[in-house]
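Structure, as structure tokens:
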Amino acid sequence: MSTQHDGHTSNGSAAIASPMGSEVSSEAERVLGPALDPAKLPRHVAIIMDGNGRWAVGRGLPRILGHRAGADAVRRITEGACELGIQALTLYAFSWENWSRPSEEIRELMGLLEEFILSELRTLKLQHVRLRAIGRLDELPAGVLAKLRRVMDDTASEDRMTLTLALSYGGRQELLDATRRIARRVRDGQLAPEQIDEATISRHLYAPDLPDPDLVIRTSGEQRLSNFLLWESSYSELYMTPTLWPDFTKDDLVRAIADYQQRDRRFGRTHNRE
Ligand code: FPP
0 MSTQHDGHTS NGSAAIASPM GSEVSSEAER VLGPALDPAK LPRHVAIIMD
50 GNGRWAVGRG LPRILGHRAG ADAVRRITEG ACELGIQALT LYAFSWENWS
100 RPSEEIRELM GLLEEFILSE LRTLKLQHVR LRAIGRLDEL PAGVLAKLRR
150 VMDDTASEDR MTLTLALSYG GRQELLDATR RIARRVRDGQ LAPEQIDEAT
200 ISRHLYAPDL PDPDLVIRTS GEQRLSNFLL WESSYSELYM TPTLWPDFTK
250 DDLVRAIADY QQRDRRFGRT HNRE
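Using numbering that gives the first Met the number 0, the first residue of the sequence shown is number 0, and each one after it goes up by one.
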């Protein structure tokens, strides 16, 4: 069975080779389908949610309705990732560059975020999902930040999955902020320049305790990272699909993971010793 560039198999189904002799309970198989090997799930999936605007324009609707449909997809995919047993899901919800969009669209997006964050509290707790955020959060409107803080506090002890929203986030800005913090520690005599290594940089990122993403998905057919998790995605597997974000379903997520499970992750070595 051949796999096309977007991970769809030639017969249009999500199925690839069945798990390698592993015993899959009927419940796991119901959720995972025969497509996925539960032993090879990515720990951390990160998604560049693109295509809301085109989804709306294609239907003759205002762009904000595309973002609203995008928020429904966020709910769907959070639930799906949880069901699959993914430990960490990171969603690129508002990039640092998005601040240069028309002020009306920014206002509407921030309103949508504020509404979403609070309305999801109950569901997140029921699903045992912890909410976190990365980015220059102090640049967010006070109302969004207050609700974000409240839901992050209220879900801090949930441990089934961590949902991280990247907000006012840029990978270069994250590295700049880390560099400034490290430079201050050097200036204050707490760190010698020779002591700075990769681990030092990782420790000064926005969420140092999150594992690097194993899989980065981008919807809407674009083939770029757009300043997303630049340090953390050094060895991530990339999966690009033409599907617009509001149309992205749980089955699409399964397809992306099935495609990921076929990859040979060598991390620069000649063979996989995982
Ligand atoms: C890209 O679509 C998407 C965004 C700029 C924001 C993503 C926001 C959401 C999915 C909805 C709100 C988020 C949450 C967490 C509730 P685009 O507008 O760039 O699409 P286009 O490239 O087709 O114009």
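The beta-carbon is built from N, C-alpha and C at its ideal position, and this holds for glycine as well.
query = What do you get for Ser21, buried or exposed, if any count of 16 or more other CB atoms within 10 angstroms of its CB means buried?
reply = Legend: pLDDT at Ser21 = 42, less than 50; position of this residue unreliable, value from coordinates given subsequently. Taking all protein chains in view, the Cβ of Ser21 is surrounded by fewer than 16 other Cβ atoms within 10 Å, so the residue is classified as exposed.
key: Residues near the ligand FPP, criterion Cβ-heavy atom distance below 5 Å   = The filter returns Met48, Asp49, Gly50, Asn51, Gly52, Arg53, His66, Gly69, Ala70, Val73, Ala92, Phe115, in chain order.
query = Would you call the CB atoms of Gln117 and Leu123 closer than 8 Å?
reply = Sequence check: residue 117 is Leu here, not Gln. Judged by their CB atoms, Leu117 and Leu123 are not nearer to each other than the 8 Å cut-off.
query = If we cut at 8 Å on Cβ distances, does Ala70 have a partner in chain B?
reply = Absence of chain B from the displayed structure is noted, only one protein chain being present.
inquiry  = If contact is defined by three or more beta carbon pairs under 8 Å, each pair taking one atom from either stretch, is the region 233 to 242 in contact with the region 187 to 199?
reply    = Put simply, the region 187 to 199 does not touch the region 233 to 242. Fewer than three CB pairs are less than 8 Å apart.
task = Would you mind sorting Thr333 into buried or exposed? The rule is 16 or more other CB atoms within 10 Å of its CB.
result = Because the chain is modelled from 0 through 273, residue 333 falls outside the range shown and cannot be assessed.
message = Give me, in chain order, the residues of the same chain whose beta-carbon lies closer than 6 Å to that of Gln260; leave out the 5 immediate sequence neighbours on both sides.
response = Asp36, Lys39, listed in sequence order.
request  = Return the CA-CA distance between Asn51 and Pro101, expressed in angstroms with no decimal places.
outcome  = Approximately 15 Å between the Cα atoms of the pair.
ask   = Going by DSSP, which residues form a beta bridge with Leu90?
value = Looking at the DSSP assignment, Leu90 forms a beta bridge with Ile46, Leu164.
ask   = Should Asp251 be labelled buried (16 or more other beta-carbon atoms within 10 Å of its own) or exposed?
value = When all chains shown are included, Asp251 counts as buried.
ask   = Run through DSSP, which three-state label would Arg202 get?
value = Looking at Arg202 - three-state DSSP - the assignment turns out to be helix.
request  = Using three-state DSSP, classify Tyr234 as helix, strand or coil.
outcome  = It is coil, neither helix nor strand.
message = Given this structure, state the Cα-to-Cα distance separating Asp258 from Leu190, to the nearest angstrom.
response = Taking the straight line from one Cα to the other gives about 43 Å.
request  = Measure from the alpha carbon of Gly169 to the alpha carbon of each residue in Val56, Ser99, Phe93, then state which is nearest.
outcome  = Of Val56, Ser99, Phe93, the residue nearest in Cα terms is Phe93.
query = Which word fits Asp71, buried or exposed, when buried means at least 16 other C-beta atoms lie within 10 angstroms of its C-beta?
reply = By the neighbour-count definition (other C-beta atoms within 10 Å, threshold 16), Asp71 is an exposed residue.
ask   = How is Ile133 classed by DSSP in three states: helix, strand or coil?
value = In the structure shown, Ile133 falls within a strand segment according to DSSP collapsed to helix, strand and coil.
message = Considering Cα atoms alone, identify which of Thr77, Arg67, Gln86, Ile47 is closest to Pro41.
response = Comparing Cα-Cα distances from Pro41 to each of Thr77, Arg67, Gln86, Ile47, the minimum goes to Gln86.
request  = Can you grab the Cα-Cα spacing for the pair Arg264 / Glu236, in whole Å?
outcome  = Distance between the alpha carbons of Arg264 and Glu236 is about 8 Å.
key: As assigned by DSSP and simplified to three states, the class of Leu174   = DSSP places Leu174 in helix when its eight states are reduced to three.
message = So for Arg149, helix, strand or coil by DSSP?
response = Note: Arg149 maps to helix in three-state DSSP.
request  = For Leu147, count neighbouring Cβ atoms within 10 angstroms of its own Cβ and tell me buried if that reaches 16, exposed if not.
outcome  = Of the other Cβ atoms in all chains shown, 16 or more fall within 10 Å of the Cβ of Leu147; this residue is therefore buried.
key: beta strand (DSSP E) segment containing Leu214, residue limits   = Residues 214 to 217.
query = Which word fits Thr218, buried or exposed, when buried means at least 16 other C-beta atoms lie within 10 angstroms of its C-beta?
reply = By the 10 Å Cβ count, Thr218 comes out buried.
query = Which residue comes first and which comes last in the alpha helix (DSSP H) that contains His127?
reply = His127 -> no alpha helix (DSSP H), and no H or E assigned at all.
message = Nearest by alpha-carbon distance to Arg223: which of Val44, Asp49, Ala34 is it?
response = Relative to the Cα of Arg223, the nearest Cα in the group Val44, Asp49, Ala34 belongs to Asp49.
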